[in-house]
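In what follows, a single structure is set out as structure tokens and then discussed.
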Amino acid sequence: MTAVELRWIELLVMGVQVAVVRRSAASCYAVELSGLGSPRRGRPGIGEGDWMLFNSFEFLLFFPFVLVLYYAIPARGAQWFLLIASYFFYACWEPHYLVLIWMSTLVDYLVGLRLGRAKGLHARRWLLAASLTANLGILFVFKYFNFFNSAVTGLADWMGWSYRVPNLDVLLPVGISFYTFQTLAYTIDVYRGRRLPESSLLHFSMYVAFFPQLVAGPIERSERLIPQLQRRAPIDVARWKTGLFLILWGFFKKTVLADNLALYVNPVFANPAGHTGLPLWIGTLFFAMQIYCDFSGYSDIAIGAAKMLGIDLMVNFRNPYHARSISEFWRRWHISLSTWFRDYLYIPLGGSKGGRVQTGFNLLVVFLLSGLWHGANWTFLIWGALHGLAMVVTVFARASTQRAGLAAQRLGCGWGWSFLCW
Numbered sequence: 003m004t005a006v007e008l009r010w011i012e013l014l015v016m017g018v019q020v021a022v023v024r025r026s027a028a029s030c031y032a033v034e035l036s037g038l039g040s041p042r043r044g045r046p047g048i049g050e051g052d053w054m055l056f057n058s059f060e061f062l063l064f065f066p067f068v069l070v071l072y073y074a075i076p077a078r079g080a081q082w083f084l085l086i087a088s089y090f091f092y093a094c095w096e097p098h099y100l101v102l103i104w105m106s107t108l109v110d111y112l113v114g115l116r117l118g119r120a121k122g123l124h125a126r127r128w129l130l131a132a133s134l135t136a137n138l139g140i141l142f143v144f145k146y147f148n149f150f151n152s153a154v155t156g157l158a159d160w161m162g163w164s165y166r167v168p169n170l171d172v173l174l175p176v177g178i179s180f181y182t183f184q185t186l187a188y189t190i191d192v193y194r195g196r197r198l199p200e201s202s203l204l205h206f207s208m209y210v211a212f213f214p215q216l217v218a219g220p221i222e223r224s225e226r227l228i229p230q231l232q233r234r235a236p237i238d239v240a241r242w243k244t245g246l247f248l249i250l251w252g253f254f255k256k257t258v259l260a261d262n263l264a265l266y267v268n269p270v271f272a273n274p275a276g277h278t279g280l281p282l283w284i285g286t287l288f289f290a291m292q293i294y295c296d297f298s299g300y301s302d303i304a305i306g307a308a309k310m311l312g313i314d315l316m317v318n319f320r321n322p323y324h325a326r327s328i329s330e331f332w333r334r335w336h337i338s339l340s341t342w343f344r345d346y347l348y349i350p351l352g353g354s355k356g357g358r359v360q361t362g363f364n365l366l367v368v369f370l371l372s373g374l375w376h377g378a379n380w381t382f383l384i385w386g387a388l389h390g391l392a393m394v395v396t397v398f399a400r401a402s403t404q405r406a407g408l409a410a411q412r413l414g415c416g417w418g419w420s421f422l423c424w
């Protein structure tokens with residue numbers, strides 16, 4: 003390790019140490035936009051087991067313990083150990099909801115095997131429908147039922163109808179949106195014939211529950227992740243150095259940058275009426291920076307931890323605020339989610355093949371559902387609609403946008419992400 007690398011790590015560690023001492027709770031808005039969760043039982047944050055956050059002291063003890071034992075025990079036992087460690091990690095958030103992960107795992111594992119043997123298109127469609135119903139049904143009950151039930155209740159009251167169905171008193175299972183999309187991607191790929199069914203329940207369970215990316219992504223594809231989980235990679239010092247750097251860099255972005263920006267952002271967003279002029283503008287600008295540092299920091303920690311375990315996860319952010327258009331922004335921001343919606347919703351709807359009107363409609367549908375994926379409330383639905391409309395405008399104005407100078411495009415996008423994106 004060179005002197006420059008050692009100095010980088012030293013500075014990052016010092017920064018994280020300072021930030022941990024001064025640490026405050028991150029904004030609930032940032033938590034929701036990252037997809038980690040949303041307010042549960044009326045209080046913001048992630049929930050009862052939030053002591054296993056990546057930036058917690060407990061995780062700093064948990065991960066080295068897992069890393070050492072993973073490489074110390076025999077290879078076959080190491081796979082079982084990694085699966086048990088992943089389940090323990092999730093149980094620290096909410097142990098009861100391990101049942102949901104097991105249900106999702108078993109359903110899609112069995113559906114995948116049946117799809118591999120099914121010959122007729124009719125039978126294959128029924129199997130795919132069973133997987134979609136089971137996974138999206140669980141997601142709807144725990145994440146969306148109360149939102150839609152409250153909307154129907156409000157509409158019924160406005161229309162003078164009698165409708166009284168109580169909301170469910172349930173916690174939002176952390177990471178459910180992530181692992182649901184990941185298992186659905188596997189089933190759809192098997193249905194399309196893009197991959198063979200996974201015969202090992204152990205390897206498929208590891209694919210669903212791999213703890214570095216279980217609660218905050220990236221949302222991985224089975225053809226990329228499962229082969230890496232089928233064998234334990236040998237210890238590679240270069241990989242460990244890269245992984246450690248990513249972990250420390252993620253800690254720095256999360257605890258030094260995001261959490262300190264939250265000290266200014268949270269009061270502004272909690273009481274916008276009490277702030278005017280420049281403080282509101284600064285709060286909006288800082289929030290755009292905070293949400294990026296918060297979410298990309300988590301992604302960096304996940305990618306770094308996985309890399310030290312011998313697993314390569316996809317890059318989830320590529321300097322999104324350097325984008326020159328809203329479409330380029332979404333090719334750089336939360337890439338694993340954007341590509342998921344592209345491959346499993348946008349393209350099946352027809353993509354851009356049906357002309358500009360059809361393309362605009364497809365984009366609007368995708369971004370409305372993307373908004374709901376991020377959070378079950380009207381704020382996120384409107385947020386998704388605004389991004390969808392911006393994408394539609396981009397489609398219709400692409401020619402004039404391409405004629406604009408590079409400087410003008412960057413300036414426009416810079417103002418856009420600062421004051422409109424979030």
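Heads up: take any position in the sequence shown, counting from 1, add 2, and you land on this note's numbering. The beta carbon of each residue, even a glycine, is placed where N, CA and C say it ideally should be. On a predicted model such as this, the values are computed, not experimentally measured, just so you know.
- Message: In the DSSP assignment, the alpha helix (DSSP H) including V258 goes from what residue to what residue?
- Response: In the sequence shown, the residue the question calls residue 258 occupies position 256. It is not in any alpha helix (DSSP H) - V258 carries neither H nor E in the DSSP assignment.
- Message: Could you give the first and the last residue of the continuous alpha helix (DSSP H) run that contains P229?
- Response: Against the sequence shown, residue 229 aligns to sequence position 227. Start and end: S224 to L231.
- Could you spell out where the alpha helix (DSSP H) holding F369 opens and where it closes? To locate residue 369, count along the sequence shown from 1; it is residue 367. Looking at the DSSP string, the run of the alpha helix (DSSP H) that includes F369 is G357 to H376.
- Quick one: what's got a C-beta closer than 7 Å to I103's C-beta in the same chain, skipping five residues either side? Position 101 of the sequence shown holds residue 103. Once the five neighbours on either side are set aside, the close Cβ partners of I103 are Y92, Y181, V210 and A211.
- Exposed or buried, what is I86 when buried is set at 16 or more other beta-carbons lying within 10 Å of its beta-carbon? As a working note, residue 86 is residue 84 in the sequence shown. Result: exposed.
- Coarse secondary structure for R196, derived from DSSP in three states: Translated into positions along the sequence shown, residue 196 becomes position 194. If DSSP states are grouped into helix, strand and coil, R196 belongs with coil.
- Taking just the CA atoms, how far does N151 sit from D171? Reading the sequence shown from its first residue, position 169 is the one you call residue 171. Reading the sequence shown from its first residue, position 149 is the one you call residue 151. Near 13 Å, if we compare the C-alpha coordinates of N151 and D171.
- Are the CB atoms of F469 and S301 nearer to each other than 8 Å? Missing from the structure shown is residue 469; the chain here goes from 3 to 424 and no further.
- Check F150 in the structure and name its three-state DSSP category. The count along the sequence shown starts at 1 and reaches residue 150 at position 148. DSSP places F150 in helix when its eight states are reduced to three.
- Task: Let me know the secondary structure DSSP gives M316 once reduced to three states.
- Result: Position 314 of the sequence shown, counting from 1, holds the residue named residue 316. In the structure shown, M316 sits in coil (DSSP, three-state: anything other than H, G, I, E or B).
- Message: By the three-class DSSP mapping on this structure, what secondary structure does E50 have?
- Response: As a working note, residue 50 is residue 48 in the sequence shown. At E50 the pLDDT is 44, less than 50, meaning the model places this residue with poor confidence and gives no usable figure here.
- Message: Suppose you measure from the CA of A80 to the CA of A74; what does that come to, to the nearest Å?
- Response: Stepping through the sequence shown from its first residue, residue 80 is reached at position 78. Stepping through the sequence shown from its first residue, residue 74 is reached at position 72. A80 and A74: Cα-Cα distance of roughly 8 Å.
- Within 10 angstroms of the Cβ of F65, are there 16 or more other Cβ atoms? Answer buried if so, exposed if not. Along the sequence shown, one-based indexing puts residue 65 at 63. Buried, because 16 or more other Cβ atoms sit within 10 Å of the Cβ of F65.
- Item | Three CB pairs or more closer than 8 Å across the stretch 301-312 and the stretch 246-255 | yes
- Message: Starting from W283, trace the alpha helix (DSSP H) in both directions and tell me its first and last residue.
- Response: By 1-based counting over the sequence shown, the position of residue 283 is 281. L280 to M310 is the extent of the alpha helix (DSSP H) around W283.
- Query: Beta-carbon separation of C295 and L259 under 8 Å?
  - Reply: Here the question's residue 295 lines up with position 293 in the sequence shown. Here the question's residue 259 lines up with position 257 in the sequence shown. Yes.
- Hey, out of F382, L311 and S58, whose CA is closest to K243's CA? Locating residue 243 in the sequence shown gives position 241, counting from the first residue. Closest option to K243, Cα to Cα, is L311.
- Message: Check whether the stretch 141-151 and the stretch 159-177 touch, using three or more Cβ-Cβ pairs below 8 Å as the test.
- Response: yes
- Message: Can you list, in chain order, the residues of its chain with a C-beta nearer than 8 Å to that of S88? Leave out the 5 residues immediately preceding and following it.
- Response: On the sequence shown, position 86 is the one that residue 88 refers to. Excluding residues within five positions, the ones whose Cβ falls inside 8 Å are M208, A211, F212, F213 and L216.
- Message: Using CA atoms only, rank isn't needed, just tell me which of P236, S298 and L100 is closest to N318.
- Response: For the purposes of this step, residue 318 is taken as residue 316 along the sequence shown, with counting starting at 1. Nearest of P236, S298 and L100 to N318, Cα basis: S298.
- If you draw a straight line from the alpha carbon of Y266 to that of T286, how long is it in whole angstroms? Here residue 266 is taken as the residue at index 264 of the sequence shown, counted from 1. Here residue 286 is taken as the residue at index 284 of the sequence shown, counted from 1. Computed Cα separation, rounded: 10 Å.
- Are the Cβ atoms of V394 and L366 separated by less than 8 Å? By one-based count along the sequence shown, residue 394 stands at place 392. By one-based count along the sequence shown, residue 366 stands at place 364. It is a contact, given that the beta carbons lie within the stated cut-off.
- Which of helix, strand or coil DSSP assigns to V476: What is shown of the chain runs 3 to 424, which leaves residue 476 out entirely.
- Query: F61 lies in the alpha helix (DSSP H); which residues open and close that run?
  - Reply: Reading the sequence shown from its first residue, position 59 is the one you call residue 61. From DSSP, the alpha helix (DSSP H) with F61 extends over F59 to A74.
- Query: Ordered along the chain, which non-local residues of its own chain (more than five positions away) have a Cβ less than 6 Å from that of A158?
  - Reply: Numbered from 1 along the sequence shown, position 156 holds the residue referred to as residue 158. The answer, listed in chain order, is Y165.
- Message: Given this structure, state the Cα-to-Cα distance separating L55 from T257, to the nearest angstrom.
- Response: Here residue 55 refers to the residue found at position 53 when the sequence shown is read from its first residue. Here residue 257 refers to the residue found at position 255 when the sequence shown is read from its first residue. About 12 Å.
- Message: Taking 8 Å as the cut-off, does the stretch 327-339 touch the stretch 219-233 (at least 3 CB pairs, one atom from each stretch)?
- Response: yes
- Task: Alpha carbon to alpha carbon, how far is V109 from A125? Give it in angstroms, no decimals.
- Result: What you label residue 125 is simply residue 123 of the sequence shown in a count that begins at 1. What you label residue 109 is simply residue 107 of the sequence shown in a count that begins at 1. Answer to the nearest angstrom: the Cα atoms are 16 Å apart.
- Which residues in the same chain have their Cβ closer than 6 Å to the Cβ of V192, if we skip the five residues on either side of it in sequence? The count along the sequence shown starts at 1 and reaches residue 192 at position 190. If we look at V192 and ignore the five residues flanking it on each side, its Cβ neighbours are G114, L117 and P199.
- Query: In whole angstroms, what is the alpha-carbon distance linking H324 and M291?
  - Reply: Taking the first residue of the sequence shown as 1, we reach residue 324 at position 322. Taking the first residue of the sequence shown as 1, we reach residue 291 at position 289. The straight-line gap from Cα to Cα measures roughly 13 Å.
- Message: I need the boundaries of the alpha helix (DSSP H) containing F56, first residue and last residue.
- Response: The count along the sequence shown starts at 1 and reaches residue 56 at position 54. Here F56 belongs to no alpha helix (DSSP H), and DSSP marks it neither H nor E.
- Is A307 closer than 8 Å to I1 when the C-beta atoms are compared? The structure shown does not extend to residue 1, since the chain is modelled only from 3 to 424, so the question has no answer here.
- Cβ neighbours of H389 in the same chain (closer than 6 Å, five flanking residues each side left out): Counted from its first residue, the sequence shown places residue 389 at position 387. Within the same chain, H389 has close Cβ partners F369.
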